[in-house]
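Peer 1: For reference, the structure I am asking about is given below.
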Amino acid sequence: MTPGSQHPDGPAAQSLRSDAERNRGRIIAAARRVFARDGLNASMASVAREAGVGIATMFRRFPTKEELVAAVFSDRMDAYADAVAVALDDPDPWHGFVGYIETACAMQAADYGFADVLTTSFPTAKAMEGRRNEALEGMVRLVSRAKAAGRLREDFDTSDIVLLHMANAGVVNATGGAAPDAWRRVVALFIQSLEAPARGP
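Taking the UniProt record's numbering, I'd label the letters of the sequence shown as residues 1 to 201.
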């Protein structure tokens, strides 16, 4: 081995870092496909097979499944939190609320893994959980605005949104292959049930 190849910034070290980064990218891309198809119940071994890497390589890059989930879904959680912000910017409180519900449920339907992520907490994934908490705070404001406008029933609570996400995840996982649009019916009925009765003259 030449002295240059032993140097931490030498060609050999740079090659190892490049290989490690390529493997990491392959694992994340494979996990996106596997989790989107099979949900978070998919094993680390199935992700490794999809990525074409050994299980040892998998665990060197991602020692825990939680770390892998965070790497895969952080951008989707960002999009989810952004959807809440967009809804809050809508001048019509009810339209904003409904738009958020539809967008969030569509995100679940498009990705079985994200359907699970929305109903599962990952305490060590600080950045992703921070964005989730930001979205939850925004949801409280969405609900308050829609109620103040007289459009959302008064007994609705933000925890009901979590129940909707859980129900939608179940529908998506149960019907996705056979009836990929079944979730739309469930969400439409849910929204219809939430609208406050029309006020009298």
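A virtual CB, placed ideally from N, CA and C, is assigned to each residue, including glycine.
1) If you run the structure through DSSP and keep just helix, strand and coil, what is E154?
2) Let me see if you follow: with CB-CB separation under 9 Å, is A109 close to chain D or not?
3) Count the other C-beta atoms from every protein chain shown that fall within 10 angstroms of the C-beta of G54, then say buried if there are 16 or more, exposed otherwise.
4) Tell me which residue opens and which closes the alpha helix (DSSP H) that E66 is part of.
5) Just to confirm my understanding: we take D78, look at its own chain, exclude 5 residues before and 5 after, and list those with CB closer than 7 Å. What are they?
6) Could you name each continuous alpha helix (DSSP H) segment of 4 residues or more that falls completely within the segment 102-167, going from the start of the chain to the end?
7) Buried or exposed: R185, going by 16 or more other Cβ atoms within 10 Å of its Cβ?
8) Alpha carbon to alpha carbon, how far is L189 from V72?
9) Measuring alpha carbon to alpha carbon, tell me which residue in M139, A179, T175, G176 is nearest V162.
10) Nearest-angstrom Cα distance between A20 and A85?
11) Taking all protein chains shown into account, do 16 or more other C-beta atoms lie within 10 angstroms of the C-beta of S18, making it buried, or fewer, making it exposed?
12) Measuring CA to CA, which of A83, P123, A149 is closest to E67?
13) List the endpoints of the continuous alpha helix (DSSP H) containing F190.
14) For A145, which residues in the same chain have their Cβ closer than 6 Å to its Cβ, ignoring the five residues on either side in sequence?
15) What is the rounded straight-line gap between the Cα of G4 and the Cα of E50?
16) Would N41 be called buried (16 or more neighbouring beta carbons within 10 Å of its own) or exposed?
17) Among the residues of its own chain, which have a CB less than 8 Å from the CB of L136, if the five just before and after it don't count?
18) When DSSP labels each residue in this structure, what does S5 get in the three-state scheme?
Peer 2: With the structure as the only source:
1) Locating residue 154 in the sequence shown gives position 154, where the first residue counts as 1. Coil.
2) Given the protein chain composition of this structure (a single chain), no chain D is represented.
3) As a working note, residue 54 is residue 54 in the sequence shown. Looking at its Cβ environment, which holds fewer than 16 other Cβ atoms inside 10 Å, G54 is exposed.
4) On the sequence shown, residue 66 is found 66 positions in, with the first residue counted as 1. Counting along the chain, the alpha helix (DSSP H) containing E66 begins and ends at 65-89.
5) The residue given as residue 78 occupies position 78 in the sequence shown. Counting only Cβ-Cβ distances below 7 Å, and skipping sequence neighbours, we find R131.
6) For the segment 102-167, the continuous alpha helix (DSSP H) assignments of 4+ residues that do not extend past its boundaries occur at 112-117, 126-148, in sequence order.
7) To locate residue 185, count along the sequence shown from 1; it is residue 185. Per the 10 Å Cβ criterion, exposed.
8) In the sequence shown, counting from the first residue as 1, residue 189 sits at position 189. In the sequence shown, counting from the first residue as 1, residue 72 sits at position 72. The straight-line gap separating the alpha-carbon atoms of L189 and V72 is approximately 31 Å.
9) Numbered from 1 along the sequence shown, position 162 holds the residue referred to as residue 162. Nearest of M139, A179, T175, G176 to V162, Cα basis: M139.
10) By one-based count along the sequence shown, residue 20 stands at place 20. By one-based count along the sequence shown, residue 85 stands at place 85. For A20 and A85, the distance between alpha carbons rounds to 36 Å.
11) Taking the first residue of the sequence shown as position 1, residue 18 is located at position 18. With fewer than 16 other Cβ atoms within 10 Å, it is exposed.
12) In the sequence shown, the residue the question calls residue 67 occupies position 67. Closest by alpha carbon: P123.
13) Against the sequence shown, residue 190 aligns to sequence position 190. Start and end: 182-194.
14) Position 145 of the sequence shown, counted from the first residue, corresponds to residue 145. Looking at the sequence itself, residue 145 is Arg, so the reference to Ala does not match. P93, listed in sequence order.
15) Against the sequence shown, residue 4 aligns to sequence position 4. Against the sequence shown, residue 50 aligns to sequence position 50. With a pLDDT of only 47 at G4, under 50, the local geometry of the prediction cannot be trusted, and the value read off the model is given with reservation. Distance between the alpha carbons of G4 and E50 is about 36 Å.
16) What you label residue 41 is simply residue 41 of the sequence shown in a count that begins at 1. Result: exposed.
17) Within the sequence shown, numbered from 1, the residue matching residue 136 stands at position 136. T158, listed in sequence order.
18) As a position in the sequence shown, residue 5 is number 5, starting the count at 1. Here the model assigns S5 a pLDDT of 48, short of 50, so the residue's position is not dependable and the matter cannot be decided.
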